[in-house]
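For reference, the structure discussed in these notes is given below.
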Amino acid sequence: MPNRLTADPEAIAISALSFIASDAERLRIFLDLTGLQPAEIRSAATSPGFLAAILDHIMSDEALLTAFASDSNVSPEIIPAARHALGRS
Numbered sequence: 871m872p873n874r875l876t877a878d879p880e881a882i883a884i885s886a887l888s889f890i891a892s893d894a895e896r897l898r899i900f901l902d903l904t905g906l907q908p909a910e911i912r913s914a915a916t917s918p919g920f921l922a923a924i925l926d927h928i929m930s931d932e933a934l935l936t937a938f939a940s941d942s943n944v945s946p947e948i949i950p951a952a953r954h955a956l957g958r959s
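Its first residue numbered 871, the sequence shown is counted upward by one per residue in our numbering.
Right, here's the structure in full:
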């Protein structure tokens, strides 16, 4: 049975956001780059564009991508495919 993350681009992006938020330094960098305030994340997370931006951020740093993939137990190749799928929504 496939992992839910391998089948659902939104689940991958939400998992990536959780991964980013689980580390204060990763979250600070993400917030600095996006200009968001912590209180705005929840409402932004309902937007496919924001979800795609999360995956763009993860893919922008190979170490971050590798760490997320390992932490989530998914292949790093899944991330660009999920990003592509979100870009079409």
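Ideal placement from N, C-alpha and C gives every residue a C-beta, glycine not left out.
Determine the direct distance from the alpha carbon of L934 to that of A894, and round the result to whole angstroms. 14 Å
Considering only residues of the same chain and omitting the five flanking positions on each side of T936, which have a CB-CB separation below 8 Å? P946
Leaving out five residues before and five after L956 in sequence, what residues of the same chain have Cβ atoms less than 6 Å from its Cβ? P879, P918, L921, A922
Taking only the alpha-carbon atoms, compute the straight-line gap between I884 and L906 and give it to the nearest angstrom. 16 Å
Exposure label - L925; buried when at least 16 CB within 10 Å: buried
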